[in-house]
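Some notes on the structure that comes next.
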Amino acid sequence: MDQLIVPVGVTVTALCVLSVILCVVAMAFSWGVKRPEVKEYTLDQRWDRGPALFTATDIDPMTLARHTEPGDTEGGSASGKW
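Using this note's numbering, read the sequence shown as starting at 65 and increasing by one per residue.
See below:
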């Protein structure tokens, strides 16, 4: 088992160094890439999309390491008139 420490360590180190080099090369060549311009929404424009209300109340209660109330869920709920 001790004979595998060096080969596995060298392999993992070489793969990490290679992945870092590949990431740097990919970032270096991505400077010339043209990305589409995102239209900025302002309040004076008409909103033509559906509502974007997200809630986390559909998630079942989680088992946490502390005492919780039966109504505790991940996230929360919204109340009031929309």
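Virtual Cβ for every residue (Gly too), placed ideally from N, Cα, C.
Open item on the list: Rounding to the nearest angstrom, what Cα-Cα distance links Val84 and Gly114 in this structure?
Closed with: Residue numbering aside, residue 84 sits at position 20 when the sequence shown is read from its first letter. Residue numbering aside, residue 114 sits at position 50 when the sequence shown is read from its first letter. So the alpha carbons of these two residues sit roughly 42 Å apart.
Task: Reduced DSSP category for Ser94 - H, G, I as helix; E, B as strand; rest coil - done: Within the sequence shown, residue 94 is the residue found at index 30, counting from 1. Coil, per DSSP.
Task: Cα-Cα separation between Glu86 and Val74, rounded to whole angstroms - done: Locating residue 86 in the sequence shown gives position 22, counting from the first residue. Locating residue 74 in the sequence shown gives position 10, counting from the first residue. The residue asked about is misnamed: residue 86 is Leu in this sequence, not Glu. The alpha-carbon atoms of Leu86 and Val74 are separated by roughly 18 Å.
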